[in-house]
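Q:
In our numbering, the protein residues as written are 2 to 200.
See the structure below:
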């Protein structure tokens, strides 16, 4: 049974980003200009020192002309029907030696085989954290969040919403938003991202 560090390493997200960037003949600075992400952050992601949150991966994927699922699979398959087994998925989240407030959640792609798709389904585990340590994210598209277990608070300029199992939240991802578990245990949710075009 592989540990978290080995599973993240197996995905080689940073190596995939570097390979695509070099294939497009882009410098780190040029990718930084395209994504709006800092050059040091991109360097840390490429070198595997930082685990990128979903919003960061979406920005990078768009700038490199691939879909976000490209980072979760070994090779893209153009299938009409795809099945992903539990043992094929890899969990991505905060590593043990990272600050606890770095991302605030971990996630795994629930589908890793279909190359071009309009939605990206994720299983997300939200960490318990104080409101002051929350990180706000925004990206193109829309999200649907279905709470599976635990208690979650969703915070945005539109207000604060407490969510319980079987509650469903749908929102425009462009608005800065944050989630946190407010129960005793980390909360889990099915999250479906729709960036507004094939991802």
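Quick reminder that beta carbons are idealized off the backbone N, C-alpha and C, glycines included.
Can you tell me the Cβ-Cβ gap for residue 178 and residue 139, rounded? I've got them flagged as a contact below 8 Å.
A: Numbered from 1 along the chain shown, position 177 holds the residue referred to as residue 178. Numbered from 1 along the chain shown, position 138 holds the residue referred to as residue 139. About 7 Å separates the two Cβ atoms, so the contact holds.
Q: From residue 41 to residue 169, what distance separates their C-alpha atoms?
A: Residue numbering aside, residue 41 sits at position 40 when the chain shown is read from its first letter. Residue numbering aside, residue 169 sits at position 168 when the chain shown is read from its first letter. Distance between the alpha carbons of residue 41 and residue 169: 36 Å.
Q: Measuring alpha carbon to alpha carbon, tell me which of 126, 22, 35, 19 ends up nearest residue 180.
A: Translated into the one-based positions of the chain shown, residue 180 becomes position 179. For residue 180, the nearest C-alpha among the options comes from 126.
Q: Name the two residues that bound the continuous alpha helix (DSSP H) containing residue 34.
A: Locating residue 34 in the chain shown gives position 33, where the first residue counts as 1. 29-36 is the extent of the alpha helix (DSSP H) around residue 34.
Q: Quick one: residues in its chain with C-beta nearer than 6 Å to the C-beta of residue 120, no 5 flanking neighbours on either side, listed in chain order?
A: To locate residue 120, count along the chain shown from 1; it is residue 119. Excluding sequence neighbours, residue 120 sits near 193, 195.
Q: Pair every Cβ in the stretch 105-123 with every Cβ in the stretch 61-70, then say whether three or more of these pairs are closer than 8 Å.
A: Short answer: they touch.
Q: Who are the near neighbours of residue 151 in its chain, counting only those whose CB is closer than 7 Å to its CB and skipping five residues on each side?
A: As a position in the chain shown, residue 151 is number 150, starting the count at 1. Contacts found: 182, 184, 186, 187, 188, 189.
Q: Who are the near neighbours of residue 100 in its chain, counting only those whose CB is closer than 8 Å to its CB and skipping five residues on each side?
A: Mapped onto the chain shown, residue 100 falls at position 99. Annotation note: pLDDT 43 at residue 100 (below 50); position unreliable, no value reported.
Q: So residue 192 is in the beta strand (DSSP E); what residue range does that whole segment cover?
A: The residue you call residue 192 lines up with position 191 of the chain shown. Unbroken beta strand (DSSP E) run through residue 192: 188-195.
Q: In the DSSP assignment, find the beta strand (DSSP E) that holds residue 179 and state where it starts and stops.
A: Position 178 of the chain shown, counting from 1, holds the residue named residue 179. Here the beta strand (DSSP E) through residue 179 covers 178-182.
Q: By DSSP's criteria, residue 160 is part of a beta bridge. Which residues make up the other side?
A: Start at 1 with the first residue of the chain shown, and residue 160 comes out as number 159. Residue 160 is bridged to 157.
Q: If residue 191 and residue 149 are in contact, beta carbons under 8 Å, what's the gap, nearest whole angstrom?
A: Indexing the chain shown from 1 puts residue 191 at position 190. Indexing the chain shown from 1 puts residue 149 at position 148. With a Cβ gap of about 6 Å, residue 191 and residue 149 count as contacting.
Q: Taking Cβ positions, are residue 36 and residue 19 nearer each other than 8 Å?
A: In the chain shown, residue 36 corresponds to position 35, counting from 1. In the chain shown, residue 19 corresponds to position 18, counting from 1. No, the Cβ-Cβ distance between residue 36 and residue 19 is not below 8 Å.
Q: Note down, in chain order, each residue of its chain lying with its Cβ closer than 6 Å to the Cβ of residue 21, except the 5 sequence neighbours on either side.
A: Position 20 of the chain shown, counting from 1, holds the residue named residue 21. Closer than 6 Å at the Cβ level, and outside the excluded window around residue 21, lie 65.
Q: With distances taken from CA atoms, which of 28, 114, 16 is nearest residue 81?
A: Walking along the chain shown from the start, residue 81 turns up at place 80. That would be 114, whose Cα lies nearest to the Cα of residue 81.
Q: Which residues in the same chain as residue 90 place their Cβ atom closer than 6 Å to its Cβ, once the five residues preceding and following it in sequence are excluded?
A: Within the chain shown, numbered from 1, the residue matching residue 90 stands at position 89. Here the set comprises 109.
Q: Taking the Cβ atom as the reference point for each residue, do residue 145 and residue 162 lie within a distance shorter than 8 Å?
A: As a first step, residue 145 must be located in the chain shown, where it is residue number 144. As a first step, residue 162 must be located in the chain shown, where it is residue number 161. Result no, Cβ atoms of residue 145 and residue 162 do not sit closer than 8 Å.
Q: Output needed for residue 26: all residues of its chain with C-beta closer than 7 Å, excluding positions within five of it in sequence on either side, in chain order.
A: As a working mapping, residue 26 is identified with position 25 in the chain shown. So no residue of the chain qualifies.
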